Structure formats: structure tokens, C-alpha cells
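**Q** Following this message is one structure expressed as C-alpha cells.
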Amino acid sequence: MIRFENVYKRYPNGREALTSVSFRLEKGEMAFLTGPSGAGKSTLLKLIALIERPSRGTVLVGNQNTSRIRRRRIPQFRRRIGIVFQDHKLLNDRSVFDNVALPLTIGALRRRELERRVRAALDQVGLLRHEKQYPLSLSTGEQQRVGIARAVASRPELVIADEPTGNLDPDLSLETMRLFERFNEVGVTLLIASHDLELIDKLDHRRLRLEGGKIVADFDGISAERR
Amino acid sequence: MIGRYLSLHVENLREAVARMLRQPFGSMMTIAVIALALALPAGLRVTVNNAQALSGSWEGAIDFTVYLDRDVDEERAAELALEVEARDDVGQAVLITRSEALEEFRSYSGFGDALDALAENPLPHALVVRPAASSLADVEALASDLDALEETDLVQIDTAWVERLRSILELVRRIVDIATILLALAVVMVIGNTIRLEINNRRTEIEVVKLVGGSDGFIRRPFLYLGLCYGLAGGMLAAITIALSLALISAPARSLAQLYGSTYSLVGLSLGQTLALLIGGAFLGWGGAGVAAARHLRAIEPS
């Protein structure tokens, strides 16, 4: 589903965020991207979502070479990816329902089908009762779940999440990760960046460790066996 | 599929109106500025149209005076009046005898006593001729015919001022054309600026929509509709302003016209012109928003 081949990313200010990164993430896999702040986790996710372009190397997403995707084609490409942000990026002047519906309003979806999918997504994150509320009237954990509902509403094959539990307490964090696991169970590929090792240790998933822009370790779950 | 697509546009339109209503004061200011910029050239155009219609109606009604030789007697003068009036290109010919002229002069000029001092009436008989012809050239031809008559001393005709007025109006019309272009540009810029601010205010929203895969067209459309609504509302307000202004000046204009013996009444915007104003406003709004969107939306990228 995702393939990085010898990827470098150097920002215009000269900082080298990624150095010779190579890895594969298979369809249906769920993996954590760990490492300290500034290790390049966000940059790596941005390369997948085409928010940034690699300086060198190849990024393939769903067997598509992202360097061949021209600017005009980016929106179409992004519709196949669900993105979850640490700061939710919800629109505070729209209801929970409208926030989740946002990726669906882009396509020409029938109103009834749109409502059905939004409610299904809200149901999955347990917020069906709150669809008429506005984001600011919800707790941080609830807001994050709205963000997750929005990411999965269009039923993407791939979901990437950047520190989705960054602002949550341990219980809510674990709950959020369990939610991701449930999506994984139905076939969604997930790549989740998180520096919360304590949390990740409770979950049995592959983890890629980034340090100083390089992948320094690639463990397969708790078994800690090197691939 | 097409129904869904249409309903997206209706939704865009509805949202644009809702957005304008959410900030009524700011929206009203923008609309007022646009209306002003549209009403000015449209109002000037109405004024020029009226002046032109008015000068057109004068053109055919240029009376002129044929002064006869002093040795023509009253009998011959009366005959002459009938002869002239019989011409096809003459509507009316009225004889003013020298004694009538003197009376008139006496009562209007205030030189009554001085006239009494004269031994005899110095004034000639005169014919006041109202041409039937409508074009200036025909009137001039008639005047030279009359000038050629044996009994004519002098034909006094003043078509020059009509021509001057016409060329002044033509000049004014050109100036109005230029003003129209400049003010249309101003409307584009006002709306462009409003939309630029709106884009800046909705930066986060634009970023998020780009992140979930909204195309440039999808992101641009609400702003285009907003521009369209501003332009349309400005056009409406401009049309109302012109109608109200005309209503305010139509009564004094009519009494002025009556003083000149005319029944002319002011002509406002026709239905076609009103529509042109509305469509023009909407078009300029759409254009202004398009310019702003092209310039500023691209610059907003999620990071």
C-alpha cells in the first residue's frame, strides 16, 4: 500500500528531515511510526498525503508513483486517503455532522447516501447523538473522534494519523487506538505517528522507529523481532 | 447525477446569501460601494439619453424668423405668409405685422418712451416659420429657400446651437463610456478585495477542504457565488437608486419643461437596461471573485 524507496527530504531552509528512508507497508497492515519530536514523522506522513514532495527517492501509494501525480490531480489522490491530525482541524462554524460530511460533499453523492455514510462514521466513533452539536461544545477526546469519523467517512483504503492521541489522557488514548484497530480489522491500512511508547507497548502492531530522519528500527509488534 | 450537481450550485448560492446576511453591516457597505460605482455611469447614461431625446425633439421644432423688406406692405406680407404656409416643408407660418411687433417690443423692452420719440415704426413685418421637416438639413434648405424670396430681408435661424449641443452630448457620451469602463474596473477591484479578505478569513477551512481532497474548482465555487451575489445586489441597489433619483427630479423637470412649452417627461431605465445593469453587476462580481480566487487560493496549501 505504501512504499518508500531511498527517500530524502530536505526543506528549503536546509534542514534534512528524512535521509534515505525505505520501507513497505502492505495492504491491510497497521503500523506505528515512532520516534522523538523532530525525527521526521510528520514529514514522512506529509509525503504520503502529497502535502510535501520528496527531494529524492520514490514514494509509492497504492502502487501509484506520487511523483507522477501533478498538482491538478492531487485532490483526487487525497480523496482515497483519510488523514487524522493532532489538532483535529475541525471547522468550528459547522456542526459535527457537516464536518464529517465534508469529504463526501466534494463528490457528487446523493443526499440520502451522504447522510447514511456520515451517520455510519459517527456511529463507529460513538458520536451519533452529537451530530447537531458544534465542535467547540465537545470535549477534546470527542473532537478527535469527530476528526477520525471525517477521515473514514469516505471509506478510504488508507488512513494516516499524526499524533492522534497527542492531546488525550491515557484512557482516551487507548480507546482511540482501539478504534483504529477496529478499522484495521475491516481491512483499512493504517500508519499512525506517535511518540507515546507506553501506549504503543500495549498494542501488538508493527512499529517503525525514526531518529534524525532515518529509520533506525523496524519491529514486528511486541515480539520485538527485527524484520 | 446532474440533479445532484445542480443542487450543489443551489447550495452554494444559498450559502453565499447566508454568508452575506451573517455580517449585514459589512456586506451592506460593500454592496453600497458597488451600487455607487454602478449607479454613477448608469445614471449619467440616463441623463445623456434624456438630453439627447430632448435635443432630438427640439431639432424638428426650430422656429425661425423671416424679416421682410421694409417696403413690403401688410397685404403682401399676409399673402406671403399664406404662400409660405402652403409649402410641404412648413408646418406653420405666422405673420407678425410691424405694428404688432412694435406693441410687443414696447411692452417687453421697457423702451416705450424712447419709441414714442420715433417719428415712424422702424420695425419690418416678419414671418415666424415653424418647419414641418424634421432633419436639420431640411430645415436649413427651407431657410435658404425663404432667404431667396424677393421680399426677404433677413432670415434668422439658429441651428448652430443645436449642432453644438449635439456634439457636446456626443462628447459627454464618450466621457460616460470611459467612466463606465473605469467604474466597472473599480467594481471588479472592490469585489476582488472583499473576496480576498473572505479567503483570508477562511484560510483554515480552505486548508482542510484541500486536505480532504477538494479540487480547486470545488474550493473556488463558493467564492465565485459570493462575488456574484455582491455584484447582483449592487446592481439592484443601483437600479433602485436611479429610479428613486428620477422620481425625485421628475416633478421639477416637468414644470421646467412646461415653462418651455414642452410636454417632455424624463425617461428612466428601460426594462432591458435594468436587466443589463443587474447582469452586468453579477458578471463583474463573478469576475472580481474569479480574479481574487485565482490569485489567492493557490497560495493556500496545507502544511
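Line by line, the protein sequences give chains G and B.
Just so you know, we're using this note's numbering here: the first sequence kicks off at 2 and counts up by one.
Just so you know, we're using this note's numbering here: the second sequence kicks off at 14 and counts up by one.
We treat Cβ as the ideally placed atom computed from N, Cα and C, and that holds for glycine.
A quick note: this is a predicted structure, and the numbers were derived from the prediction, not measured.
1) Does the distance from the C-beta atom of A306/B to that of I219/B stay below 8 angstroms?
2) Output the boundary residues of the beta strand (DSSP E) element that contains F5/G.
3) Mind checking if E28/B is an interface residue toward chain G, Cβ cutoff 8 angstroms exclusive?
4) Using a Cβ cut-off of 8 angstroms (strictly closer), state whether Y238/B contacts chain G.
5) Decide if R228/G is buried, meaning its Cβ has at least 16 other Cβ atoms within 10 Å, or exposed.
6) Exposed or buried, what is K203/G when buried is set at 16 or more other beta-carbons lying within 10 Å of its beta-carbon?
7) When Cβ atoms are compared, which residues of the segment 221-238 of chain B fall closer than 8 angstroms to chain G?
8) In this structure, does DSSP put R228/G in helix, strand or coil?
9) Considering only the beta carbon of each residue, do T35/G and R208/G sit closer than 8 angstroms?
10) What residues in its chain sit with their C-beta under 6 angstroms from that of E226/G, if we drop five residues either side in the sequence?
11) If you reduce the DSSP assignment to three classes, tell me which class D170/G lands in.
12) Determine the contact status of L140/B and L108/B, defining contact as a CB-CB distance below 8 angstroms.
13) Using only the alpha-carbon positions, how far apart do E294/B and A55/B sit?
14) Can you list, in chain order, the residues of its chain whose CB lies under 8 angstroms from that of A50/G, leaving out five sequence neighbours each side?
15) Using beta carbons (cut-off 8 angstroms, strictly below), is E226/G in contact with chain B?
16) Output the boundary residues of the beta strand (DSSP E) element that contains R57/G.
17) For L191/G, which option in R71/G, V97/G and V153/G has the closest C-alpha, if you only look at C-alpha atoms?
18) Counting along the chain, where does the alpha helix (DSSP H) carrying P165/G start and finish?
19) Just verifying my parser: in three-state terms, what is the DSSP assignment at D40/G?
20) Quick check: is the beta carbon of Y18/B nearer than 8 angstroms to any beta carbon in chain G?
21) Verify the CB distance criterion: does L103/G have a CB-CB separation below 8 angstroms to chain B?
22) Consult DSSP for L49/B and reduce its assignment to one of helix, strand or coil.
23) What residue does the alpha helix (DSSP H) around A270/B start on, and which one ends it?
24) Per DSSP, what are the beta-bridge partners of E17/G in this structure?
**A** This is what the structure holds:
1) Cβ atoms of A306/B and I219/B: not closer than 8 angstroms.
2) Here the beta strand (DSSP E) through F5/G covers I3 to R11.
3) Chain G contact via Cβ: absent.
4) Interface flag for Y238/B against chain G is unset, since no Cβ pair is found closer than 8 angstroms.
5) The predicted model places R228/G with a pLDDT of 41, which falls under 50 and marks its position as unreliable; any figure quoted below should be read in that light. R228/G sits exposed, since fewer than 16 C-beta atoms from the chains shown fall within 10 Å of its C-beta.
6) By the 10 Å Cβ count, K203/G comes out exposed.
7) Against chain G - using a Cβ distance shorter than 8 angstroms - the residues of the segment 221-238 of chain B are V221, V222, K223, L224, V225, G226, G227, S228, D229 and F231.
8) Because the pLDDT at R228/G is just 41, under 50, the model does not fix this residue reliably, and the point stays unresolved.
9) Yes, the pair counts as a contact, with Cβ atoms nearer than the cut-off.
10) For E226/G, the predicted model reports a pLDDT of 44, less than 50, meaning its position is unreliable; a value from the coordinates is still stated below. The answer is none, since no qualifying residue turns up.
11) Judged by DSSP in its simplified three-state form, D170/G adopts coil rather than helix or strand.
12) Against a cut-off of 8 angstroms, the Cβ pair of L108/B and L140/B comes out as a contact.
13) This sequence places Gly at residue 294/B; Glu is not what is there. Cα to Cα, the separation comes out at about 11 angstroms.
14) Taken in chain order, the residues that qualify are R79, I82, I84 and I161.
15) Below a pLDDT of 50, predicted positions are generally treated as unreliable, and E226/G, at 44, falls in that range; no measurement from the model is reported.
16) Its beta strand (DSSP E) spans residues R57 to V62.
17) The closest CA to that of L191/G, considering only R71/G, V97/G and V153/G, is found on V153/G.
18) Counted as a single uninterrupted DSSP element, the stretch harbouring P165/G is not any alpha helix (DSSP H), since DSSP gives it neither H nor E.
19) The residue you asked about is not Asp; residue 40/G is Ala in the sequence shown. Three-state DSSP puts A40/G in coil, outside helix and strand.
20) Against chain G, the CB of Y18/B has a partner CB under 8 angstroms away; the residue lies at that interface.
21) Yes, L103/G counts as interfacial toward chain B.
22) Helix, per DSSP.
23) Taken as a continuous stretch (DSSP letters only), the alpha helix (DSSP H) holding A270/B covers D229 to L272.
24) E17/G is bridged to R11/G.
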